[in-house]
Every structure is written in structure tokens, then in C-alpha cells.
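K.L.:
What the sequence shown shows, in our numbering, is residues 610 to 907, in sequence order. Beta carbons: idealized from backbone N, C-alpha and C, even for Gly. One structure is given below, represented as C-alpha cells, and several questions about it will come after.
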Amino acid sequence: MASAAASPAPAWVILGSVPRVLTEAAALPPGPGAADFSLALLPPPRVALLTIPPRIFPSRPTSASFPCVLAADPSAGLLLLHADQGRATGPTVIDKPGCQQFGWLPFVAGYYVLDAAAGSALPLPTPELVSYKGDLGLIAYPDGDGYLVAELQPVFGSDKAVLLRFPSKVGEWVRERVAYPLPARLHSPHGVVSCYGRLWWVDLSWCLVTCDPFADDPVLTRPTNPDVVYFFLDENLIGVDVRARKVVGCEVYELVDEPPREGVASSLVHAWQLPPDLTLYSGSAKETVNDNGICKII
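This is the structure in C-alpha cells:
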């Protein structure tokens, strides 16, 4: 009996983060998005293009203000778009329980969730609550019914942060103070990724912070050794302390005999956090192989 054919790999594209903005008289080109936007989904290495009408971005794009795709959820065809709504004509005033702010911003912020399947662009309410667009993430609900947008707002010099969440099933922003697991230092946001049902805030100069944004009481966690990264160079497995800028380990990685390979790569190893009943053995331990080919650590 013939085996079932393997399912095709899911399609993917390289999406340009800056969309094209049409003039008032131009019509949207055909493609996913229907009336609210259009997507030209070209195969890699060509770049896919998002096109939006001026009602989403009413001003002419400039170097100071242009629309930008902030995040993409891989499971539901959702995009998070930042699109200013023109120049501000007055101060920004926030008067919400637990959040009172006053300030001057050059542009009126705007954020949209684009649903490629439904062809809709949904504006998020009270966009002035968002402190910085680079800390915004987007993730679909596990059941596929709706989405959640979240911003992490670290408080410099504090062990607390604000997690601002907009669950589509609630329809309004929810603001919550959470414990911040990193030492006090300036945060350098490099994007937010949704993966394995969690949001991951990326700081390439330091480490990752993650949480389950759907939890009633979300808890921010980080890698236990965020300073050290490991990588292969030829046959050597090297550890580097990024913050200290020094090599902390270098060992030759000895492959087993089978299967034969030309070299070593990260696909040959796994990062495994041990349960409490397993402990590391010391460097003085030795391996022995008995007559049956069984390896023991002594």
C-alpha cells in the first residue's frame, strides 16, 4: 500500500514592512484584502508588498512619518500596522484610571489589525495609550477566534513594568503592572514575535522577555543565562558572554560515528532544561563503553 503523500510545506513570503500608499484617486490592485488593503504575495526572494488607501494613512509619507508593519501572526493571517493619522493640532491628553499623562507629539498615532482572510482593516481604539510602537506585539487567540495586541512598557529603574493588552474579545485596553525580570537598564526594542502561543520581546543587545498574554495574571520570564550565547565555529562549540564581550568556553564537539557528516551545526544539538532529578556531572567524569556497546559515565 502506497504511503500517503506528504503535505506541502506552508507558503511564506518576505513582506516589506513599509506599505505603498495610494493617492486619493487610485484604486486598490486586486489581491487579498478586498476593499481595505491589497497584498501582492510574491514568492521569495522577491518582496511581497502591502498597499493601503489614504483613508488608512491620510498624509503623504515622509521620512518623519510613514506607515509600517510592526508584527505578523503566522497562524491567522494577521498584520499589525502603524499608520499616523496626520499632524497633531494640540497636546495628547490621557486621563484613564491609573494612567494620567500630558504631552506634545508631532503626529496623531493610529494602529490597525489587518485580517488577510476577511479583507478588513480594524482600527485600535485610544491609540494614544501606546507608549512606543516598537514594543507592540500581535498574536491570534488559540481557538482562532480573535486576536490580542500587547505592549510591554518597562519602567526604567524599577523592577516593575506595565503590560498593556487589547484582547479583541474584550474590546478595550487592559493595563496591568507586572514584575519585570531584568535588571534596571535602558530597553532597546527590536521587535515582538509571536511563537508557541506566547509573545517574545526582543532586545538584540541583551536578551528576550516572554509571557503568555492570554493568562489572567501574566508573568514575564527570561532565559536563565541571557548574557551567554553558544555557536559552532568549524568543529568548536564556543560560548560568548555578550555583555562582557569575552569568550567563556571553547570545546571541540565530538560527533558520534554515525551518521557521517561534513561538519557540525546547531541542528545537531538541543538546548534542554533539566528536571530537578537530573544533575550535571563534573568535568572529571569519564566515559566507559562495555562489551555490549553501552556507554556509562563514571
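What residue from ARG664, PHE840, LEU651 and ASP768 has the CA that sits closest to ALA788's CA?
P.N.:
Minimum Cα-Cα distance from ALA788 among the listed residues ARG664, PHE840, LEU651 and ASP768 corresponds to ASP768.
K.L.:
Would TRP713 be called buried (16 or more neighbouring beta carbons within 10 Å of its own) or exposed?
P.N.:
Result: exposed.
K.L.:
Would you report the Cα separation of SER647 and TYR839, rounded to the nearest angstrom?
P.N.:
41 angstroms
K.L.:
Could you spell out the range, first to last residue, of the beta strand (DSSP E) harbouring ALA697?
P.N.:
From DSSP, ALA697 is part of no beta strand (DSSP E); its letter is neither H nor E.
K.L.:
Does DSSP put LYS778 in a helix, a strand or coil?
P.N.:
Three-state result, LYS778: coil.
K.L.:
Quick one, which of GLY686, GLY699, PHE765 and GLY766 has its alpha-carbon nearest ALA727's?
P.N.:
Residue GLY686 is the option with its Cα nearest to ALA727.
K.L.:
Check whether the Cβ atoms of ASP682 and ALA759 sit closer than 8 angstroms, and answer yes or no.
P.N.:
no
K.L.:
Would GLY766 be called buried (16 or more neighbouring beta carbons within 10 Å of its own) or exposed?
P.N.:
exposed
K.L.:
Kindly give me the distance between the Cβ atoms of LEU738 and TRP782, rounded to whole angstroms, as I take these residues to be in contact under 8 angstroms.
P.N.:
5 angstroms
K.L.:
Can you tell me whether ASP821 is helix, strand or coil according to DSSP?
P.N.:
coil
K.L.:
In the segment 757-810, which residue ranges form an unbroken beta strand (DSSP E) of at least 3 residues, counting only runs that do not cross its ends?
P.N.:
769-776, 783-788 and 801-804
K.L.:
DSSP state of LEU723, grouped into three classes?
P.N.:
LEU723: strand per DSSP, three-state reduction.
K.L.:
Thinking C-beta only, is ARG784 closer than 8 angstroms to VAL771?
P.N.:
It is a contact, given that the beta carbons lie within the stated cut-off.
K.L.:
Go through its chain and collect everything with a Cβ distance to VAL764's Cβ below 8 angstroms, but skip five positions before and after it.
P.N.:
ALA770, VAL771 and TYR789
K.L.:
Can you tell me which of LEU733, ARG854, ARG629 and SER668 puts its alpha carbon nearest to the alpha carbon of ALA649?
P.N.:
When only C-alpha atoms are compared, the closest one is ARG629.
K.L.:
Can you tell me whether SER626 is helix, strand or coil according to DSSP?
P.N.:
Residue state, collapsed to three classes: coil.
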